[in-house]
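Step one of this worksheet: look at the structure below.
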Amino acid sequence: MKTSFPKNKIRVFLVEGIHPRAEAMFREEGFAVDAHDKSLSGPALERALAGAHVLGIRSKTEVDAPALGRAARLLALGCFCIGTNQVDAHAAASRGIPVFNSPFSNTRSVAELTIAEVIALFRDLAGKNERLHRGEWDKSAGGAHEVRGRTLGIVGYGRIGSQVSVLAEAMGMRVLFFDIARRLALGNARPVRTLDELLGQSDAVTLHVPATERTERMIGRAQLRKMKKGAYLINNARGTVVDVPALAESIREKRLAGAAIDVFPVEPAGKGERFESELRALPGVILTPHIGGSTEEAQEAIAADAAEKLIRFINAGVTSGAVNVPEVDLPAQDAEADHAAPGAPRRHRILHFHRNVPGVLSKMHAVIAQLGVNIAGEYLQTRGDVGYVVLDVSPGKTDRIVRSLSDLPETIRVRELW
Ligand code: NAI
Numbered sequence: 211m212k213t214s215f216p217k218n219k220i221r222v223f224l225v226e227g228i229h230p231r232a233e234a235m236f237r238e239e240g241f242a243v244d245a246h247d248k249s250l251s252g253p254a255l256e257r258a259l260a261g262a263h264v265l266g267i268r269s270k271t272e273v274d275a276p277a278l279g280r281a282a283r284l285l286a287l288g289c290f291c292i293g294t295n296q297v298d299a300h301a302a303a304s305r306g307i308p309v310f311n312s313p314f315s316n317t318r319s320v321a322e323l324t325i326a327e328v329i330a331l332f333r334d335l336a337g338k339n340e341r342l343h344r345g346e347w348d349k350s351a352g353g354a355h356e357v358r359g360r361t362l363g364i365v366g367y368g369r370i371g372s373q374v375s376v377l378a379e380a381m382g383m384r385v386l387f388f389d390i391a392r393r394l395a396l397g398n399a400r401p402v403r404t405l406d407e408l409l410g411q412s413d414a415v416t417l418h419v420p421a422t423e424r425t426e427r428m429i430g431r432a433q434l435r436k437m438k439k440g441a442y443l444i445n446n447a448r449g450t451v452v453d454v455p456a457l458a459e460s461i462r463e464k465r466l467a468g469a470a471i472d473v474f475p476v477e478p479a480g481k482g483e484r485f486e487s488e489l490r491a492l493p494g495v496i497l498t499p500h501i502g503g504s505t506e507e508a509q510e511a512i513a514a515d516a517a518e519k520l521i522r523f524i525n526a527g528v529t530s531g532a533v534n535v536p537e538v539d540l541p542a543q544d545a546e547a548d549h550a551a552p553g554a555p556r557r558h559r560i561l562h563f564h565r566n567v568p569g570v571l572s573k574m575h576a577v578i579a580q581l582g583v584n585i586a587g588e589y590l591q592t593r594g595d596v597g598y599v600v601l602d603v604s605p606g607k608t609d610r611i612v613r614s615l616s617d618l619p620e621t622i623r624v625r626e627l628w
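With the numbering used here, the residue at position 157 of the sequence shown is 367, and numbering never jumps.
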């Protein structure tokens with residue numbers, strides 16, 4: 211497939227109430243934008259896909275292989291959220307359509323919620339609040355503690371865990387962490403060699419690991435028994451990491467003093483569905499409906515991050531941050547032109563997605579050599595069965611190169627940048 215357009219012909223279709231920052235960024239680039247609040251499905255989605263060069267969705271709009279098959283103009287798809295399960299990313303890759311998301315824009319929000327919960331647990335805010343709402347005036351200091359000088363154990367010292375570490379130390383906490391990878395300790399935080407060591411020394415344990423086979427129920431009955439009596443557990447990571455019945459048991463038996471849990475093995479699909487858990491109505495347990503990353507700031511950061519990735523792809527062919535196609539980072543053509551000799555003609559850029567099979571590059575080179583065109587820059591990456599090459603060529607015969615490349619049987623899609 212061959213595509214080439216001027217910038218002001220790029221049509222962006224945004225659904226599901228994506229933060230307006232994204233729309234503003236696309237408009238600044240001169241793209242036409244249609245923004246809608248609702249998610250789309252069926253014929254409405256097909257109509258949107260038929261006309262859009264860029265589609266921006268959140269988690270509710272499902273884009274499957276047949277829908278992509280009818281999206282003749284689609285150049286890129288943006289998931290303005292963390293996950294990309296709602297999209298058939300493999301089918302998109304096989305059509306040369308990069309899928310972008312924004313996995314880390316809510317790191318700070320999760321870290322802040324965690325810190326709020328550390329203090330709330332040490333002061334039994336949940337219990338005090340609930341009793342006062344019932345009319346019970348309980349002014350006692352019993353069981354309420356400052357966090358200063360207490361030990362926080364962080365399991366998983368990645369983006370979120372390390373931010374929690376910095377914030378906790380700023381409040382005077384001692385920080386220990388356990389990670390399977392070597393991680394640079396920030397401030398005075400200290401790594402420990404085993405999970406058990408961390409559990410035995412911490413007054414509160416907070417989990418920030420991904421859902422993997424290895425982290426599934428990594429906090430079970432045996433691990434809960436290794437925690438200090440009266441300690442707290444926080445899980446803002448993934449529901450599969452904690453054995454919930456075992457946690458409920460240790461709260462009921464008063465071995466743990468409390469917990470704050472934001473994620474659950476089974477979560478309601480939407481607003482109307484009832485939430486069931488052994489943890490409901492247990493004293494000292496703060497329950498939140500998977501809102502660790504849900505802040506207006508995070509939504510804005512997601513909009514800016516995903517929009518920037520889409521704009522860099524449309525304008526320069528950059529695929530860094532794509533979840534399904536080879537990642538190629540490139541200088542903008544304007545930036546390159548700044549370094550070119552004065553008066554040198556501006557290069558043309560050609561983007562080529564192809565099947566990753568032996569010999570395809572030499573065929574491309576042969577096509578271009580036959581036209582007597584010089585390749586000034588070439589950037590190639592492959593991922594699975596898809597290859598992506600960006601060519602900067604001297605101007606003059608770009609149209610003919612694009613035509614010849616689109617005739618190669620291995621070609622998935624060729625696009626010429628203006
Ligand atoms: P990250 O990838 O930056 O850090 C994860 C860390 O865990 C890495 O350092 C990794 O080496 C470590 N790790 C992996 N397996 C481990 C194991 N078995 N034992 C010890 N350490 C292990 O991830 P990030 O961005 O910090 O996210 C952490 C978790 O938070 C993820 O599960 C993510 O899904 C969740 N999350 C939850 C949100 C919410 O709304 N509650 C929002 C955003 C993220």
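Just so you know, even glycine gets a beta-carbon here, dropped at the ideal spot from N, CA and C.
How far does the beta strand (DSSP E) with residue i in it reach, from first residue to last?
i: R231; result: No beta strand (DSSP E) contains R231, which is instead part of the alpha helix (DSSP H) from 230-238.
i: N445; result: 441-445
i: F223; result: 221-224
i: D244; result: 242-245
i: L287; result: 286-289
i: A508; result: Element bounds for A508: not the beta strand (DSSP E) but the alpha helix (DSSP H), 506-526.
Using the three-state DSSP reduction, which class does residue i fall into: helix, strand or coil?
i: N339; result: helix
i: R333; result: coil
i: L581; result: coil
i: V596; result: strand
i: Q296; result: coil
i: V376; result: helix
i: D621; result: Sequence check: residue 621 is Thr here, not Asp. Three-state result, T621: strand.
i: D548; result: With a pLDDT of 49 at D548, under the threshold of 50, the modelled position of that residue is not reliable, and no figure is offered here.
i: F485; result: coil
i: P401; result: strand
i: L250; result: coil
i: I611; result: helix
i: I267; result: strand
i: A262; result: coil
i: A302; result: helix
i: A395; result: coil
i: I307; result: coil
i: G371; result: helix
i: A321; result: helix
i: G227; result: coil
i: K436; result: helix
Out of the options, which one is the CA nearest neighbour of residue i?
i: G288; options: R392, E488, K270; result: K270
i: A586; options: P568, V567, H558, R613; result: H558
i: L410; options: R424, T416, K436, P420; result: According to the sequence provided, residue 410 is Gly. The question's Leu does not apply to it. Residue K436 is the option with its Cα nearest to G410.
i: L520; options: A254, D244, L265, R257; result: L265
i: R231; options: F290, E340, R613; result: F290
i: F388; options: L396, A378, V402; result: V402
i: D247; options: E233, E238, F241; result: E233
i: A242; options: L250, L540, K338, L224; result: L224
i: E238; options: S616, R610, A517, A281; result: A517
i: S319; options: T529, L255, I501, F523; result: I501
i: Q580; options: Y589, T608, F563, V567; result: T608
Give a yes or no on whether the C-beta atoms belonging to residue i and residue j are separated by under 9 Å.
i: L497; j: G527; result: no
i: I329; j: H263; result: no
i: V365; j: L331; result: no
i: N311; j: G531; result: yes
i: I228; j: A508; result: no
i: L457; j: L434; result: yes
i: V473; j: L443; result: no
i: A286; j: P253; result: no
i: R446; j: I370; result: Here residue 446 turns out to be Asn, not Arg, going by the sequence shown. Yes, Cβ-Cβ distance for N446 and I370 is below 9 Å.
i: A470; j: E327; result: yes
i: L342; j: D334; result: no
i: L618; j: H564; result: yes
Who does residue i pair with in a DSSP beta bridge?
i: H564; result: G597, T621
i: Y589; result: V600
i: L362; result: V385, A414
i: A470; result: I444, I496
i: I429; result: V452
i: A532; result: F310
Starting from residue i and walking both ways along the alpha helix (DSSP H), at which residues does that stretch end?
i: F387; result: That residue, F387, is in no alpha helix (DSSP H); its beta strand (DSSP E) goes 384-388.
i: V454; result: 454-462
i: P276; result: 275-279
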